[in-house]
Every structure is written in structure tokens, then in C-alpha cells.
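Residue numbers (this note's numbering): 157 to 324.
For glycine and all other residues, C-beta sits at the position ideal for the given N, C-alpha and C.
In this text the structure is predicted, and so the values were computed from the model without any measurement.
Taking it in order: structure first as C-alpha cells, then the write-up.
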């Protein structure tokens, strides 16, 4: 679905998006698989200021949702997923998705962003490749920050948009 949406819409419908609203939409779109009822998903809005990004809202929610679903599926029975928004450097925001699942096999690390590479039985291998393309189309980036036997951390960094307010 992500690939179809991206190929059809591209970067059409670009708008100014409040980062907190984007995270709120992501929080309300989470659908926990029935078998994962012991997984807790925590949202940390982390930013005290009003940051905006420019982009296609549906694509961004879809891409972040893909990362979130991957994190949930990496947890076998019980665990936690944390989604945090922060501003590590001026002019950008990071969306950090961290799970305490099984991690990514070292032999797979160099392949995870390649189209059609999958370790899932029913996977297409397009998820991370599409999410990376979505980040790049928004002048951002996506990378694997950490993985080990205690979990995985992905980061998506997007540039912020300067908002000018009229004082009347």
C-alpha cells in the first residue's frame, strides 16, 4: 500500500504540518495485532515548541506507521515500543522508533533498505525501502541507529519549516 500511495501521489498535496499533530495522527492510527496485546506503545512528544515540516501528511503517517508496525512485529510476546520526537540539531526534527524486540540479524543489516529484501514469511521487502524513499522525498533521511539482542532503533530526520506569524 505504501508503494502504491507513493507512486500515485508522489509529493502532491504538500502542506505545512505541525509535528505534534503528525505524531497525534500516528498515535490514533496504531492498530495492535490481537496476538500482541502485551506490547505497550509509548509516545513522547518531546518538543515544547511548535515545529512544522512541509510534506505530504498521508505519506509521512504511512511511513512512520510502517516503522512502528515493524517494531511491534519484532517483539515476540511482551515488550515496549517508544516513539519520540526531538530536535537534535537546529533546523530538523527526529522521529525515533525504539523497540525491545529481538534485533536485526547482523547478516541482514546491509540489506534491510534494499527493495524486495525481507525476512518475514509474508513480507514484500518494500516497507523500509519505501519509508526511506518517503524520507528522502521530504529532504530528510532514515537510518538504522542501533540493533542488538535487546532491540532496534530507527531514526527519521526531517527538516523543519520556518513559520512566520503576523502580529496584529
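- Residue ranges of uninterrupted beta strand (DSSP E) with 3 or more members, entirely inside the segment 259-320 and ordered along the chain, are 297-304 and 307-315.
- DSSP, read as helix, strand or coil, puts residue 228 in helix.
- Per DSSP, the continuous alpha helix (DSSP H) segment holding residue 184 begins and ends at 175-185.
- Residue 181 has its alpha-carbon roughly 27 angstroms from the corresponding atom of residue 259.
- In terms of Cα proximity to residue 217, the closest of 275, 308, 174 and 280 is 174.
- Exclusion of the five residues before and after residue 202 leaves 240, 241 and 242 as the residues of its chain whose Cβ lies within less than 6 angstroms of its Cβ.
- In chain order, 208, 210 and 317 place their CB closer than 7 angstroms to the CB of residue 172, counting only its own chain and leaving out the 5 sequence neighbours on each side.
- Annotated three-state conformation of residue 219 is helix, per DSSP.
- With a 10 Å radius around the Cβ and a threshold of 16 neighbouring Cβ atoms, residue 268 comes out buried.
- Residue 212 carries a strand assignment under DSSP once its states are collapsed to helix, strand and coil.
- Of the residues 303, 245 and 291, the one whose Cα lies closest to the Cα of residue 266 is 303.
- In the three-state DSSP reduction, residue 206 falls in the coil class, being neither helix nor strand.
- Under DSSP, residue 242 forms a beta bridge with 250.
- Spatial neighbours of residue 271 in its own chain (CB-CB distance under 7 angstroms, excluding positions within 5 residues in sequence) are listed in chain order as 281, 282 and 285.
- Around the beta-carbon of residue 290, 16 or more other beta-carbon atoms lie within 10 Å, marking it buried.
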